[in-house]
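In terms of our numbering, the sequence shown has 133 at position 119, counting the first letter as 1, and numbering is strictly consecutive. The structure appears below as structure tokens.
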Amino acid sequence: MAKFPGLHLRAGVYQLRVVVPMDLRAALGRSRIIESLGTSNVREANLKASVRRAELFQQFEAKRLELNPQRLEVITPELALELAQRVGATVLRQDDWLRDDPEAPNILRELQAATAGPLQVLTLSGGAPKPHAPRSALEGLSRKEAATLAELNLYRDADAAASLITRYRAGVLPLVEAEARKLGLAFDVATPGAREALMLALQHYRQAVEAVVRRDAGAVVLTPPEPHRDAQAAPAKPMKLREVFTRWKASKKVSEDAVKACERALVLFEEFTGNPDLAKLARHEGDAFRAHLMAKGTASKTARDRLTWVKSLLKYAYQDLEVIPRNPWVGLKIEAATTTRRKPWSQEQLAKLFADDLFTSYSLPTAWRAGKDAAYWIPLLALHSGARVSELAQLTVADIDPAGPVPMMSLTDEGDGQQIKTAAGVRTVPIHSELVRLGFLDYVASVPPGGRLWPALPLRKNKPGGYFSDWFGAYRNELGLVHDFHSFRHTVRSEMVEAGVSETVIDRICGHEAKGSTGARVYTHHKPETLRKAVEALRFPELPRVYRAPK
């Protein structure tokens, strides 16, 4: 049987381990909570763990409310009544605790020393009552201790009466502030309604002290149960998925493209669901959202990716932030149909591409994403090398070596900001003679040494060729062409296969992970001449030389 998350078997007994959220560790003084569940039966342990974990999450949320109180524009009569009732209940609970505490004699002496000045609010031992075992199961206060407590309570009762007569609200303010913090609220005396709320709290405080005095006379006065937090009275800010998104992108190392894709999915989620509080998000809403994505008419892979992004945010909210007790959409899927694989460019399509003014007269585009000279040379380099768009976009002048019998181009991640997709992507590739004829080495010589090969081309963070790819996509659409930039790699591979070039050489040139045994992958090296012959096997429509180096 599967175990509940955080369940561990230790010395034959199951324990529940819950990680304390990062934002609460300083306040709680620990990073995790480990509790014995008192059973070796996994089914029973799962049940106990699910209940206890939910309780702990409620405690975490209560502590967050206390640590981050919300300021109110107005204190409503309903909220004022709840605060007053809580003050009265706290007085009675503290009296219960004091009568049962084994340290009662010491505490009573402290209270006697504190009874000076108007309306001393006797908060005990630093605030909220702490559970202590009585001296025995049948023993409470001694007669002498009870008499001392009764004396103190009479003093407190008289003081509370005097404060009520004079309407001295300041004395009860600390108790009201403490109860407000438990609700996640900041009680400010300047807030409209605060004065009335304090007066009501003073009245309930006086009634509670009177009740304590009746207890001293032997009357039965029941302590009200711990009040439930009223969502209406404590309007804590609900956690929305966009807040999770903001924290996710700040704490995770993600690319700009990933952030944009995730936000697109988030917008669809917000539009469809109405952007509910995550605590109220139900599984049936996930099923409905899935159906909505599939009905939009987009590709099944696109729909699947958008659902996955939303599920990833929910997973982050559950596992990392621990702001929801579970991920309600876990397991929801969209099966993506196999998409049509990219096809290589045909000779006819290449002829149409190269018939444009960009390639027949070196008429460079003005769009900033095109990068001026990069718009002409990068497609040609891809077609004659099989390199990826980002590999070409990030080239530096130093990456081109025109010396030697075979001019070479280095595709590397050693330069500042350079990155290569895989280890196999780090390579040197011969420069095709057609590129030399068209003037590529002359262009390289015209660029100031020590810098980037395309000074005007903007590079996208974590995806250097992203902006250029966007431009090329719009450019080929204007020409009525359907193949994207990546199809140049398919073209190169297909042409080399047709020319009889071996698979290992093709993998070496294109930067694909080599197939075969470890020995074949690690110890197989190819001479520059072998690579040159493979590259020279590529034959495409001839272009006129239109590049002229600046004078």
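C-beta atoms are modelled at their ideal positions from N, C-alpha and C, and glycine is treated no differently. Keep in mind it's a predicted model, so treat the numbers as computed, not measured.
Straight-line gap, residue i to residue j (C-alpha atoms, nearest Å)
i, j, result
"Tyr330", "Arg85", "28 Å"
"Thr283", "Val506", "One detail in the question is off: residue 283 reads as Phe in this sequence, not Thr. When rounded, the distance between both Cα atoms is 41 Å."
"Arg57", "Thr426", "55 Å"
"Met308", "Gln99", "52 Å"
"Ala551", "Gly464", "32 Å"
"Gly185", "Glu159", "26 Å"
"Lys315", "Thr322", "10 Å"
"Phe71", "Gln29", "17 Å"
"Arg66", "Lys325", "25 Å"
"Thr442", "Ala488", "30 Å"
"Lys541", "Phe502", "24 Å"
"Pro297", "Gln333", "It should be noted that the sequence gives Arg, not Pro, for residue 297. Taking the straight line from one Cα to the other gives about 17 Å."
"Asn491", "Tyr481", "16 Å"
"Ile48", "Val32", "7 Å"
"Tyr368", "His398", "Checking the displayed sequence, the identity of residue 368 turns out to be Phe instead of Tyr. Those two C-alpha atoms are separated by around 14 Å."
"Leu295", "Pro478", "38 Å"
"Ala417", "Arg256", "54 Å"
"Ala412", "Ser360", "33 Å"
"Pro421", "Val273", "39 Å"
"Ser424", "Ala350", "37 Å"
"Lys366", "Leu493", "8 Å"
"Ala40", "Leu378", "59 Å"
"Ser64", "Arg402", "50 Å"
"Val515", "Arg553", "14 Å"
"Gly43", "Lys196", "19 Å"
"Pro444", "Val549", "7 Å"
"Val485", "Val461", "First, the residue type needs correcting, since residue 485 is Trp and not Val in the sequence shown. Cα-Cα distance, rounded: 23 Å."
"Pro419", "Asp319", "48 Å"
"Ala25", "Thr53", "11 Å"
"Ala12", "Ala192", "Here the chain covers residues 15 to 565 and nothing more, so residue 12 does not appear."
"Leu13", "Gly198", "Nothing about residue 13 can be read from this structure; the chain reaches only from 15 to 565."
"His504", "Met253", "46 Å"
"His500", "Ala200", "57 Å"
"Leu406", "Ala513", "25 Å"
Coil, strand or helix - residue i by DSSP
i, result
"Pro339", "coil"
"Pro188", "helix"
"Pro91", "helix"
"Thr260", "helix"
"Gln363", "helix"
"Leu397", "helix"
"Val234", "coil"
"Met253", "coil"
"Tyr28", "strand"
"Thr442", "strand"
"Arg85", "strand"
"Glu49", "strand"
"Thr621", "Nothing about residue 621 can be reported from this structure: the residues present for the chain run from 15 to 565 only."
"Ser447", "helix"
"Glu69", "helix"
"Ser64", "helix"
"Asp413", "helix"
"Leu346", "coil"
"Ser375", "coil"
"Glu550", "helix"
"Ser424", "strand"
"Pro564", "coil"
"Glu556", "coil"
"Val101", "helix"
"Glu153", "strand"
Inter-residue CB distance, residue i and residue j (contact presumed, cutoff 8 Å)
i, j, result
"Arg562", "Leu545", "Incorrect: roughly 30 Å between the Cβ atoms, too far for contact."
"Val101", "Ala215", "5 Å"
"Val223", "Asn289", "Val223 to Asn289, Cβ: 47 Å. No contact."
"Phe259", "Glu277", "7 Å"
"Ala194", "Leu97", "6 Å"
"Thr237", "Leu95", "Between Leu95 and Thr237 the Cβ distance is about 19 Å, and since that is not below 8 Å, they are no contact."
"Pro393", "Ser508", "Not confirmed; about 17 Å, so no contact."
"Val27", "Ser45", "Incorrect: roughly 22 Å between the Cβ atoms, too far for contact."
Counting beta carbon pairs with one atom in the segment 337-346 and one in the segment 446-463, are three or more of them shorter than 8 Å? no
Cβ pair count under 8 Å reaching 3, the segment 547-561 against the segment 357-376: yes
With three or more C-beta pairs closer than 8 Å as the rule, is the segment 467-481 touching the segment 379-388? Yes, the segment 379-388 is in contact with the segment 467-481.
Touching by the beta-carbon criterion (3+ pairs, under 8 Å), the segment 173-185 and the segment 217-227: yes
Do the segment 228-243 and the segment 283-300 make contact, defined as three or more Cβ pairs closer than 8 Å? no
Could you tell me which whole alpha helix (DSSP H) segments of length 4 or greater appear in the segment 461-499? 480-492
Starting from the N-terminal side, write out each stretch of the beta strand (DSSP E) that is 3 residues or longer and does not extend beyond the segment 182-229. none
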